[in-house]
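Chemist: Structure provided below as structure tokens; questions to follow.
As structure tokens, then:
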């Protein structure tokens, strides 16, 4: 079933709430595009080319094995604990920009964009981040949305530890009802973060049907389609949450039926 509702002003509201977090160089980056360096963001072929560029232009200061000063070189370590600690939870655009504008030290910004990008992929490979089938591109917005992290487990742990706040994209399951202020979801499950604003697939909706009912209520905003036919149905709502002591609201991105009855 196609999504019943999509908020026209979602992009503007989201930009206002979270500012530059996902909007880089004037290009909005969708939530589902967020990645880390553990997501196979470069190819082995790029890293092979990057090694050639590194050996020719970087090894003189950073040493052949990227050990930098620890290996007798003049530049900082580019592989190992010191590197991953420095760059932990920064993004690839920051790394790419620093290398592109400042290196080589005696002739900064003299290599091609492709050469600099390939050097970045070689550094990723040297730090044991996995290669994949898709090439890394020099697009600044895409690079800014790839997080450098020492371990994939640390990324997941950090995401779990972060409380849900206004502007987060969330998923919630509840019973669709109408009230004095408009439509709402009652008996809702606890909102959970999601990186995909699109409605869930049919199989995913079947799984969601088993989600236990909760005691929460969340008001729906940004709904521009008639929902009367789904009153009393159990629904999946996705959208940007507005935290409010007087009652949370969901700026709806998608709304799909999970079950034709609120009873479980």
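Numbering (our numbering), first residue to last: 802 to 1065. We put the CB at the ideal spot given by N, CA and C, even for glycine.
#1: To test your reading of the DSSP string, which unbroken alpha helix (DSSP H) runs of 4 or more residues are found completely within the stretch 935 to 979?
#2: DSSP three-state label for residue 1041, please.
#3: Unbroken alpha helix (DSSP H) runs of length 4 or more, entirely within the stretch 984 to 1064: which are they?
#4: Hey, out of 932, 1048 and 896, whose CA is closest to residue 845's CA?
#5: Note down the Cα distance separating residue 1047 from residue 1020, rounded to an integer number of angstroms.
#6: Based on DSSP bridge pairs, tell me the residues matched to residue 836.
#7: Label residue 878 either buried or exposed according to how many other C-beta atoms from any shown protein chain fall within 10 Å of its C-beta, with 16 as the threshold for buried.
#8: Measuring CA to CA, which of 1038, 1008 and 902 is closest to residue 984?
#9: Might you give, ordered along the chain, the residues of its own chain that have their beta carbon closer than 8 Å to the beta carbon of residue 891, omitting 5 neighbours on each side?
#10: For residue 1025, is the classification buried or exposed, using 16 other Cβ atoms within 10 angstroms of its Cβ as the cut-off for buried?
#11: Residue 872 to residue 850, Cα distance in whole Å?
#12: From what residue to what residue does the alpha helix (DSSP H) around residue 907 run?
#13: Taking the C-alpha atoms as reference points, what is the distance between residue 1009 and residue 837?
#14: Using C-beta distances below 7 Å, list every residue in its chain close to residue 928, excluding the 5 sequence neighbours before and after it, in chain order.
#15: Can you give me the Cβ contacts of residue 766 inside the same chain, cut-off strictly under 7 Å, excluding the 5 residues immediately before and after it?
#16: Taking the alpha helix (DSSP H) that residue 873 falls in, what are its first and last residues?
#17: Between residue 1044 and the rest of its own chain, which residues show a CB-CB distance below 7 Å, the 5 nearest in sequence each way excluded?
#18: Using the C-alpha atoms, what's the distance from residue 986 back to residue 1011?
#19: Take the Cβ of residue 913 as the centre, count every other Cβ of all protein chains shown within 10 Å, and call the residue buried at 16 or more, exposed below.
#20: Output the distance between the C-alpha atoms of residue 1060 and residue 926, rounded to the nearest integer angstrom.
#21: Please state whether DSSP places residue 928 in a helix, a strand or coil.
#22: With DSSP run on the structure shown, which of helix, strand or coil describes residue 982?
Modeler: Walking through what the data contain:
#1: 941 to 945 and 953 to 962
#2: As a working mapping, residue 1041 is identified with position 240 in the chain shown. Note: residue 1041 maps to strand in three-state DSSP.
#3: 1003 to 1009
#4: As a working note, residue 845 is residue 44 in the chain shown. With distances taken between Cα atoms, residue 845 lies closest to 932.
#5: Mapped onto the chain shown, residue 1047 falls at position 246. Mapped onto the chain shown, residue 1020 falls at position 219. Residue 1047 and residue 1020: Cα-Cα distance of roughly 11 Å.
#6: As a first step, residue 836 is located in the chain shown; it is residue number 35 there, counting from the start. Per DSSP, 947.
#7: What you label residue 878 is simply residue 77 of the chain shown in a count that begins at 1. The residue is buried, with at least 16 neighbouring Cβ atoms inside 10 Å.
#8: Along the chain shown, one-based indexing puts residue 984 at 183. Considering only alpha carbons, the answer is 1038.
#9: Taking the chain shown and counting its residues from 1, one reaches residue 891 at position 90. Same-chain partners within the cutoff: 948 and 949.
#10: Within the chain shown, residue 1025 is the residue found at index 224, counting from 1. So residue 1025 counts as exposed.
#11: In the chain shown, the residue the question calls residue 872 occupies position 71. In the chain shown, the residue the question calls residue 850 occupies position 49. Roughly 23 Å between the two C-alpha positions.
#12: Position 106 of the chain shown holds residue 907. Run containing residue 907: none; DSSP gives neither H nor E here.
#13: Locating residue 1009 in the chain shown gives position 208, counting from the first residue. Locating residue 837 in the chain shown gives position 36, counting from the first residue. Their backbone Cα atoms lie some 27 Å apart in a straight line.
#14: In the chain shown, residue 928 corresponds to position 127, counting from 1. Counting only Cβ-Cβ distances below 7 Å, and skipping sequence neighbours, we find 880, 884 and 885.
#15: Here the chain covers residues 802 to 1065 and nothing more, so residue 766 does not appear.
#16: Residue numbering aside, residue 873 sits at position 72 when the chain shown is read from its first letter. Residue 873 -> no alpha helix (DSSP H), and no H or E assigned at all.
#17: As a working note, residue 1044 is residue 243 in the chain shown. Closer than 7 Å at Cβ, skipping near neighbours: 966 and 967.
#18: Taking the first residue of the chain shown as 1, we reach residue 1011 at position 210. Taking the first residue of the chain shown as 1, we reach residue 986 at position 185. Approximately 17 Å, taken between the alpha carbons.
#19: The count along the chain shown starts at 1 and reaches residue 913 at position 112. Residue 913 is exposed by the Cβ-count criterion.
#20: As a first step, residue 1060 is located in the chain shown; it is residue number 259 there, counting from the start. As a first step, residue 926 is located in the chain shown; it is residue number 125 there, counting from the start. Residue 1060 and residue 926: Cα-Cα distance of roughly 47 Å.
#21: Counting from one through the chain shown, the residue named residue 928 turns up at place 127. Residue state, collapsed to three classes: coil.
#22: The residue given as residue 982 occupies position 181 in the chain shown. Looking at residue 982 - three-state DSSP - the assignment turns out to be coil, as it is neither helix nor strand.
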